[in-house]
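So the structure is just underneath, and the comments pick up after that.
Residue numbers (my numbering): 2 to 690.
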């Protein structure tokens, strides 16, 4: 039955007459955002005016979730090019949702602004694609892992400016179908977490103009026949990405992974399961100095895809090398597997001192995609910022040489939680792997938790021919940028710098793949905490603009983005309770509040804190430092004046800072002098946006 709803008076007066204009009795829009509308003949001209994003006119859910939507659209103006806000935008997962080049879209089963299907049309790319965003039941206001992806694409679809196209969208059960001018163009069966309820609507991208006429909706009936498909059906094609073009590997109509070029060769938008989101980016490295590589080839080869990456010119004077990458499909587990066979040969003596580091070879760099800064839902950080966009995962499951699975919690300041016996000689960044915590030769590394498939790594072999190796794990920014290293052994002993000679060849064989969530759950139940961690250690952290230093948690309970480091956590004394930070000793001491200490775009911010000393203070006192952070260091550092603490009363330090040029910021608290001084009630406020 056609949806017949008697029109009522609505507050959105600009949309009065939508039904009459479009030729059907329709409900009033439930919401309109980022759109301007103008009556144009017997239709409605929609113009997107939400910068770098989609504007939407959403209608309430129909009586039945099985729905048919009909109408005619004419794209009269294309969407504006997208302007990435940061240099690292290509590594930010959410650029894909707002991919430049799309103009008009039809939205179905929209549970909220973060959960929907969207058929989107592009005159620039002459294509139609189906975008799926969100997981069923997701609260749109709660931080969540990124879940949107291109589910299916139809190129050469005849989408042109000023050319009318009639459309029919059907959604029945977990199947969707789009027809243009009576001919089916895309059919899709959502086998993973299908969306089963919600409203529907129309969208126009920023700058696009679309004339829509004859819009009507029905309860859909019958069935959508989705033809059976062969898997894998790999092909490598030129396709759009972030305003440009790249070689993209498709499996049938679904993009699986993108070949990207830059200082290093990359695989980005990597999927590990058909019909699920992209989860990783992979930067190909041969060393930790130049980190330079380049693509030599990439092509489909039967039921696989094979590519070759070689050393770029920056590293060519010191070594030569190659990585052969093979993409395959594991039908039994329904996952994609990326195998790598890599070798490197040194071209001069003592190359280790110039090319590798710490007697180890750096061979793999992975970036998990994410939109949330932490495992703590109370902290919401701008995901445009590459360094605050930390991992959506809570831990990695790893295997030690006893063959058992262990939990490695996600903490950038990992050494804050180490048992005292592990700290001497250990390193926070190198995670203090030692004789009591030796990783297995056939290591697995599984990011956890995941509802569908967990990004995983497995080392198969490494080192010189006939020799062995020790594996080393490292992480930067809390699994956002994972570093994989190993120490070559010769005769059972680790190589020293002087042992790396001209002609030495080292090889690594490993794979990056998907572990089904059910299999990871079993390992999780069998796992125990890494033995060098003390679960009882508590550290304070900054939350929602103010830190009263009352909160703490053990290594697994504390939010993943721990933003406190340095000083002493004093649980016996504070300004209005028994919790504060304390500096002990002589000279300069620092507390580092981390990458996301104050990470919101603003023109002016205010930082304040309270200080008190144990006895009359000798020295300059306490001050606050505020800086933007570039990729590998600070910039734009600004210091407040010192305030000298009093030994009888708490004294407040307040300082207004112009915001640094970088999206990324960190905060330093520095005490200069001798004695004990307490710091409490740190607060960050935006004064001017």
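All residues carry an ideal CB built from backbone N, CA and C; glycine is no exception.
query, result
"C-alpha gap between residue 319 and residue 261, whole angstroms", "25 Å"
"Backbone secondary structure at residue 527 - three-state DSSP", "helix"
"Per-residue DSSP class, three states only, for residue 471", "strand"
"Three-state secondary structure (DSSP) of residue 385", "Per-residue confidence for residue 385 stands at a pLDDT of 38, beneath the threshold of 50, marking its modelled position as unreliable; the derived number appears in the next sentence. Coil."
"Euclidean distance between Cα positions of residue 268 and residue 46", "40 Å"
"Residue 165 classed as buried or exposed, judged by whether at least 16 other C-beta atoms fall within 10 angstroms", "exposed"
"Distance between residue 235 and residue 251 (C-alpha atoms, nearest Å)", "6 Å"
"Collapsed DSSP secondary structure at residue 509 in the structure displayed", "strand"
"Where the beta strand (DSSP E) through residue 368 begins and ends", "362-369"
"Cβ-based burial, residue 696 [other Cβ within 10 Å; buried from 16]", "This structure leaves residue 696 out entirely; the chain is present only between 2 and 690."
"Whole-angstrom distance between residue 568 and residue 582, CA atom to CA atom", "7 Å"
"Residue 1 to residue 274 span [Cα, whole Å]", "Because the chain in this structure spans residues 2 to 690, residue 1 falls outside the shown range and cannot be described."
"CA-to-CA distance, residue 239 to residue 521, given in whole angstroms", "35 Å"
"Alpha-carbon spacing of residue 678 relative to residue 651, whole angstroms", "10 Å"
"Beta-carbon separation (whole angstroms), residue 50 vs residue 37, contact threshold 8 Å", "5 Å"
"Selection from 446, 365, 126, 327 that minimises the alpha carbon distance to residue 82", "126"
"Buried versus exposed call for residue 25 [16 or more other C-beta atoms within 10 Å across all chains shown]", "Unreliable positioning characterises residue 25 in this predicted model, as indicated by a pLDDT of 49, which lies under 50. The coordinate reading is nonetheless provided below. By the 10 Å Cβ count, residue 25 comes out buried."
"Which listed residue (103, 199, 305) has its alpha carbon closest to that of residue 207", "103"
"Length of the line joining the Cα atoms of residue 502 and residue 519", "46 Å"
"Backbone secondary structure at residue 318 - three-state DSSP", "coil"
"Alpha-carbon spacing of residue 296 relative to residue 505, whole angstroms", "24 Å"
"One or two residues paired with residue 255 in a DSSP bridge", "252"
"Whole-Å CB distance - residue 490 paired with residue 468, under 8 Å assumed", "6 Å"
"The beta strand (DSSP E) enclosing residue 238, as first and last residue numbers", "235-242"
"Contained beta strand (DSSP E) runs [length at least 3] in the stretch 152-193, N- to C-terminal order", "166-173, 176-181, 184-190"
"Cβ neighbour criterion (16 or more within 10 Å) applied to residue 191", "buried"
"Residue burial classification, residue 633 (beta-carbon count within 10 angstroms, cutoff 16)", "Model confidence at residue 633 stands at a pLDDT of 42, short of 50, so the residue's coordinates are unreliable; what they give is reported in the following sentence. Its Cβ having fewer than 16 others within 10 Å, residue 633 is exposed."
"Nearest residue (CA-CA) to residue 186, options 222, 203, 228, 129", "129"
"Reference residue 474, options 363, 641, 515, 77, closest by Cα", "363"
"Beta carbon of residue 681 nearer than 8 Å to that of residue 586", "no"
"Proximity of residue 72 and residue 217 at Cβ, strictly below 8 Å", "yes"
"Simplified DSSP state of residue 52, which is helix, strand or coil", "coil"
"Cross-strand partners of residue 570 (DSSP beta bridge)", "582"
"Coil, strand or helix - residue 347 by DSSP", "strand"
"Three-state secondary structure (DSSP) of residue 615", "coil"
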